[in-house]
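Report on one structure; see the data block that follows.
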Amino acid sequence: MAYNNSRNPLRALQKKLGSKILIRLKDGTEYKGSLKEYDNFMNVILSDASEYIKKEETNKFKEIFVRGNNVLFIIPDGE
Amino acid sequence: MAYNNSRNPLRALQKKLGSKILIRLKDGTEYKGSLKEYDNFMNVILSDASEYIKKEETNKFKEIFVRGNNVLFIIPDGE
Amino acid sequence: MAYNNSRNPLRALQKKLGSKILIRLKDGTEYKGSLKEYDNFMNVILSDASEYIKKEETNKFKEIFVRGNNVLFIIPDGE
Amino acid sequence: MAYNNSRNPLRALQKKLGSKILIRLKDGTEYKGSLKEYDNFMNVILSDASEYIKKEETNKFKEIFVRGNNVLFIIPDGE
Amino acid sequence: MAYNNSRNPLRALQKKLGSKILIRLKDGTEYKGSLKEYDNFMNVILSDASEYIKKEETNKFKEIFVRGNNVLFIIPDGE
Amino acid sequence: MAYNNSRNPLRALQKKLGSKILIRLKDGTEYKGSLKEYDNFMNVILSDASEYIKKEETNKFKEIFVRGNNVLFIIPDGE
Amino acid sequence: MAYNNSRNPLRALQKKLGSKILIRLKDGTEYKGSLKEYDNFMNVILSDASEYIKKEETNKFKEIFVRGNNVLFIIPDGE
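Sequence lines, in order, name chains A, B, C, D, E, F and G.
Going from the first sequence to my numbering is simple: count from 1 and add 704.
Going from the second sequence to my numbering is simple: count from 1 and add 704.
Going from the third sequence to my numbering is simple: count from 1 and add 704.
Going from the fourth sequence to my numbering is simple: count from 1 and add 704.
Going from the fifth sequence to my numbering is simple: count from 1 and add 704.
Going from the sixth sequence to my numbering is simple: count from 1 and add 704.
Going from the seventh sequence to my numbering is simple: count from 1 and add 704.
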């Protein structure tokens with residue numbers, strides 16, 4: 705495993721562009737959608753996204769821009 | 705998809721200038737209005753904005769300046 | 705709409721100097737007064753300001769200096 | 705009004721050195737005293753200061769050093 | 705003990721790449737998995753991870769990307 | 705009063721080295737002790753320190769290192 | 705007392721490397737162990753550490769990496 709890789713988890717998201725990911729926010733809400741864009745603060749744009757509260761789908765968005773400081777974790781393989 | 709794009713979600717807002725967007729704050733309040741200005745901290749100015757608490761319209765503002773650190777997410781297509 | 709403008713919402717406050725604005729803090733308290741000074745952190749000085757808690761006027765200040773990190777939003781047209 | 709002034713509310717405190725000011729913290733506690741020193745983070749030293757909780761005087765300090773990140777607002781004219 | 709080592713606890717994670725670690729978040733949730741990547745903000749990617757709430761396994765993830773600012777502590781030896 | 709002094713409240717702590725000071729944390733706990741070291745983040749080391757919860761002495765420490773971001777205020781004259 | 709020392713409380717931890725220290729987190733949990741590494745953000749690695757909740761030992765760790773922003777204070781002499 706290369707040293708540079710091991711020090712840059714955000715770069716790992718690069719490979720997920722266009723794939724389904726799941727984002728859980730600090731308040732427990734989850735968003736599942738296709739990763740369209742992201743930056744180093746974990747600001748993320750998902751397309752064709754669904755919102756889940758307590759595992760129930762509560763909303764659908766063609767596109768959603770999540771502010772990074774609210775993110776708890778990202779599951780790169782959101783299926 | 706170009707690398708630069710994928711690392712700059714904020715630039716995606718550039719295309720939404722003048723369009724209706726929806727902002728949800730951390731406290732659940734939502735603002736819908738026309739995106740007039742924004743910056744890298746997600747400070748946003750909306751014009752002709754409506755405020756929604758629990759999906760009920762509670763206020764109208766000719767212009768509102770939302771401080772970015774309160775933002776949970778932005779739905780670029782706020783219709 | 706010029707690109708520079710669209711990336712600098714704080715500059716929009718420049719035009720409001722001397723005008724009445726309304727500031728809502730994160731705790732819900734509101735301050736209405738004449739915008740005297742501000743900076744990039746949204747530190748703001750209002751003159752001839754009134755404080756409102758649940759829409760009731762609770763105090764008056766000849767001058768008040770609000771620390772920016774407490775600001776939820778600013779209504780530039782505070783009338 | 706000069707542009708530089710309008711972008712530097714903290715400089716406005718310079719004129720208040722030696723005058724009585726009032727500081728309200730985020731938890732509602734208030735401190736009234738003579739402004740002795742301050743910096744750009746709103747760290748403030750008051751001399752001959754009184755502490756107020758719910759408008760009742762609860763303490764007196766010859767000198768108090770308040771950490772800026774706790775400050776809600778400052779009333780420059782604390783009389 | 706070398707001075708450089710003693711000033712860089714994050715470098716200690718370098719030796720744990722590929723090993724099982726445990727991460728406890730501020731909200732008490734725990735994640736156990738193989739350390740794949742990390743950075744200076746303690747953003748961490750675990751592979752083959754399990755989620756534990758009150759010591760009960762509640763979920764499994766092939767890969768999870770935890771945002772560093774949520775981390776309470778890391779047990780490098782997660783077995 | 706010199707301009708430099710008025711912009712550097714932290715420098716005022718320099719004169720208190722070796723003197724008794726009182727630190728109140730955001731959670732109300734207080735520490736009284738001899739100021740041994742400090743830095744610009746208000747990280748402080750006290751020696752021969754006592755801990756007070758609701759004005760009751762609850763602990764004694766030969767030395768305590770308080771992280772600055774927890775500090776509410778410092779009373780330089782802690783007697 | 706040298707000026708440089710008085711402005712660098714973190715350097716004081718250098719002398720404690722290998723000694724027992726106690727860390728109290730903001731949530732009240734305490735960790736006692738041998739100081740192995742630390743950095744300027746108060747990220748700390750303890751070895752042979754015990755966890756205490758309300759003074760009861762609740763866990764033991766061969767090694768624990770505590771994220772600095774959770775730290776309330778450190779007692780350098782943890783015995």
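The C-beta atom is built at its ideal place from N, Cα and C for all residues, glycine as well.
Item, Value
"Under the three-state DSSP convention, the category glycine 772 of chain E falls into", "helix"
"Under the three-state DSSP convention, the category leucine 717 of chain F falls into", "helix"
"Beta-bridge partners of serine 754 of chain F, as assigned by DSSP", "F:Lys736 and F:Lys764"
"Simplified DSSP state of phenylalanine 777 of chain G, which is helix, strand or coil", "strand"
"Bridge partner(s) assigned by DSSP for lysine 724 of chain E", "E:Ser738"
"The segment 717–736 of chain B / the segment 767–782 of chain B touching (three or more Cβ pairs under 8 Å)", "yes"
"Minimum C-alpha distance to glutamate 734 of chain E - residue among E:Asp743, E:Lys758 and E:Met746", "E:Lys758"
"Spatially closest choice to serine 738 of chain E from E:Gly772, E:Asn773, E:Ile768 and E:Asn774, by CA coordinates", "E:Ile768"
"Of the residues F:Tyr742, F:Asn773, F:Ser754 and F:Glu761, the one placed nearest lysine 720 of chain F, counting alpha carbons only", "F:Tyr742"
"Neighbour flag for phenylalanine 777 of chain D against chain C, beta carbons, 8 Å", "yes"
"Short CB-CB distance (under 8 Å) between lysine 766 of chain E and chain A", "yes"
"Closest residue to leucine 717 of chain C among C:Lys730, C:Met746 and C:Asp731 (Cα-Cα distance)", "C:Met746"
"Isoleucine 749 of chain G: contacting residues in chain E (beta-carbon distance under 7 Å)", "Pro713 and Ala716"
"When A:Pro713, A:Asp752 and A:Asp731 are compared against asparagine 763 of chain A, the one with the closest alpha-carbon", "A:Asp752"
"Chain-order list of residues whose beta-carbon lies under 6 Å from that of valine 748 of chain C (same chain, five-residue window excluded)", "Tyr742 and Val770"
"Interface residues of chain G facing aspartate 781 of chain E [CB-CB closer than 9 Å]", "Phe765, Lys766 and Glu767"
"Per-residue burial, asparagine 774 of chain F [other beta carbons within 10 Å of its own, 16 or more giving buried]", "buried"
"Interface residues of chain F facing arginine 771 of chain D [CB-CB closer than 7 Å]", "Met746, Val775, Leu776 and Phe777"
"Cut-off 8 Å between Cβ atoms - residues of its own chain near lysine 730 of chain F, not counting five sequence neighbours on either side", "Asn774, Val775 and Leu776"
"Cα-Cα separation, lysine 766 of chain B to lysine 736 of chain B", "12 Å"
"C-beta contact flag for glutamate 760 of chain C and serine 754 of chain C at 8 Å", "no"
"Spatial distance of glycine 732 of chain F from glycine 732 of chain G (CA atoms)", "13 Å"
"Between the CA atoms of lysine 740 of chain C and leucine 683 of chain B - distance to the nearest angstrom", "The shown model of chain B, from 705 to 783, leaves out residue 683 of chain B, and the question about it has no answer."
"Distance, glycine 772 of chain A Cα to proline 713 of chain C Cα", "20 Å"
"Beta-carbon proximity list for tyrosine 756 of chain A, same chain, < 6 Å, skipping 5 on both sides", "Glu734"
"7 Å CB neighbourhood of asparagine 744 of chain E in its chain, flanking five on each side removed", "Leu714"
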